[in-house]
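**Q** Input: one structure, supplied below.
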Amino acid sequence: MQARIKELLKKHDVLLVAHYYQRDEVVEIADLSGDSLELAKKASCSPHQNVLFCGVGFMGQSVKILSPSKRVFMPKIACCSMARMIDDTYFDKSIEKLKEYGINEIFPVTYINSNAEVKAKVAELGGVVCTSANAAKIMDYALKQKKKIFFLPDRCLGQNLAMQNGLKSAVLGVDSKEVVLEADVICYDGFCSVHQLFTPEDIDFYREKYEGILVAVHPECTPEVVKKADFVGSTSQIIQYVQNLKPNQKVVVGTEFNLVNRLRKPHNGIQNTFVLSSTKPECPTMNETTLQDVLSVLEALESGKPYNEILLSQEVAIKAKKALDKMLEFS
């Protein structure tokens, strides 16, 4: 199967990319693997005319937006649960609610885990996209706008960025009007179902069990977890952090299982990397894609009947590109 996949990739000038949260079998055969920011940049700049993106829907959309001349396909149009928590209608309602509160100077920042229509809406208001890898830089830029920051859809990343900068945060629709008005960063009430699994008690458990163990987590974790961690970063940053540790240093990692499992390969037969959860923190949508799915979409391209191509209206793509291009200036 792998040989046939490689044959069809070459024949049809297809770049195969896979997010770090994909199954091992998919990551191993990919031309590129990385986090959302890496893949958006590298795939859109590649010389290949076709891109096969193994990930979730908003990722394929981002490549299409940044390189409209490319054809972008996905083995499965899997949908990130966080991205599904907001659409352009909910965005409009959120802005209306803020204006009802008397907040008219709004600077929206959307996490890349959102659909193209939401990114377009953010661009209309002069806002920007961010990823977990460049969120700190984007927040610095947002603060310079001297407006209320509306961060969406991930409340945890927004709260953690506010905490990192010594700012007040609030969650729209959860906190009172008074708390929202006092906040510097107003967050939409979205979250990652995987990163919600990690708790402060999990950290306490590992620190009691292994003296000197380090804790590395993703900023989609709750503020309570982030406060107790030794390191907070994107998937690429976590990988670099763990790989740079001394071989005998124990570390427990709070992010998606597939990535952590690849980091767990024992050094000289000793296991020093652990998963920060009593349950398997696996992203169901990231795990939908199999090698058979990759082969099937390539065979369809070979037969002249391609499917799962990312198609966007020109109006949405042009607007969304403004917000993504601004993001890339800080990458």
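In this note's numbering, the protein residues as written are 1 to 331.
Don't be surprised by glycine CBs; every beta carbon is placed ideally from N, CA and C.
Apart from the five residues just before and just after LYS146, which ones in its own chain have a Cβ nearer than 8 angstroms to its Cβ?
**A** Around LYS146: GLU105.
**Q** Could you tell me which whole beta strand (DSSP E) segments of length 3 or greater appear in the stretch 167 to 233?
**A** With a minimum length of 3 residues, the continuous beta strand (DSSP E) runs that stay inside the stretch 167 to 233 are 169 to 171, 185 to 187, 214 to 217.
**Q** Is the beta carbon of PHE330 sitting closer than 8 angstroms to the one on ILE138?
**A** Yes, the Cβ-Cβ distance between PHE330 and ILE138 is below 8 angstroms.
**Q** State the Cα-Cα distance for the pair ALA18 and SER33, rounded to the nearest angstrom.
**A** Going by the C-alpha atoms only, they are around 5 angstroms apart.
**Q** Going by C-alpha distance, which of THR273, GLU302, ASP325 is nearest LYS11?
**A** Residue GLU302 is the option with its Cα nearest to LYS11.
**Q** Considering only C-alpha positions, which residue in the set LEU214, THR89, CYS54 is nearest to THR356?
**A** In the structure as shown, the chain starts at 1 and stops at 331, and residue 356 therefore has no counterpart that could be examined.
**Q** Which same chain residues end up closer than 7 angstroms to GLU38 when comparing Cβ atoms and leaving out the 5 residues on each side of it in sequence?
**A** So the list reads SER236, once near-sequence residues are dropped.
**Q** Does DSSP put ASN261 in a helix, in a strand, or in coil?
**A** Helix at ASN261.
**Q** Considering only C-alpha positions, which residue in the set LYS321, VAL194, GLY304, ASP202 is nearest to SER81?
**A** The option with the nearest alpha carbon to SER81 is VAL194.
**Q** Give the C-beta separation of GLU315 and GLU282 to the nearest angstrom, bearing in mind that I take them to be a contact with Cβ-Cβ under 8 angstroms.
**A** Rounded, the Cβ-Cβ distance is 37 angstroms, inconsistent with contact.
**Q** Between which two residues does the beta strand (DSSP E) harbouring PHE150 extend?
**A** It spans 148 to 152 - the beta strand (DSSP E) in which PHE150 sits, taken as one unbroken run.
**Q** Confirm, please, whether the CB-CB distance from MET59 to SER44 is below 8 angstroms.
**A** The answer is no: Cβ separation not under 8 angstroms.
**Q** Tell me the rounded alpha-carbon separation between ALA116 and VAL171.
**A** Each residue's Cα considered, the two are about 23 angstroms apart.
**Q** Is it right to say ARG155 is buried, meaning 16 or more other beta carbons lie within 10 angstroms of its own, or is it exposed?
**A** By the 10 Å Cβ count, ARG155 comes out buried.
**Q** Check whether the Cβ atoms of PHE198 and LEU214 lie closer than 8 angstroms to each other.
**A** No, Cβ-Cβ distance for PHE198 and LEU214 is not below 8 angstroms.
**Q** When the distance is taken between beta carbons, is GLN22 closer than 8 angstroms to MET327?
**A** It is not a contact, given that the beta carbons lie outside the stated cut-off.
**Q** Relative to the C-alpha of GLU28, which candidate in GLN49, ALA3, ALA40 has its C-alpha closest?
**A** That would be ALA3, whose Cα lies nearest to the Cα of GLU28.
**Q** Starting from ILE77, follow the alpha helix (DSSP H) in both directions and report where the run begins and ends.
**A** ILE77 -> no alpha helix (DSSP H), and no H or E assigned at all.
**Q** Less than 8 angstroms between C-beta atoms, sequence neighbours within five positions excluded: which residues of the same chain meet that for ASN308?
**A** Cβ within range, chain order: PHE73, MET74, PRO75, LYS76, ILE77, VAL297.
**Q** Would you give the residue range spanned by the alpha helix (DSSP H) that TYR111 belongs to?
**A** That residue, TYR111, is in no alpha helix (DSSP H); its beta strand (DSSP E) goes 106 to 111.
**Q** Once DSSP output is grouped into helix, strand and coil, what is the label at THR235?
**A** Note: THR235 maps to helix in three-state DSSP.
**Q** Assuming contact is defined by CB atoms lying nearer than 8 angstroms, are LEU324 and SER62 in contact in what I supplied?
**A** Yes, the Cβ-Cβ distance between LEU324 and SER62 is below 8 angstroms.
**Q** For CYS45, which residues does DSSP report across the bridge?
**A** Answer by DSSP bridge pairing: none, since CYS45 is not bridged.
**Q** Give the straight-line distance between the Cα atoms of ASN248 and GLY233, rounded to the nearest whole angstrom.
**A** Between ASN248 and GLY233, the C-alpha separation is close to 22 angstroms.
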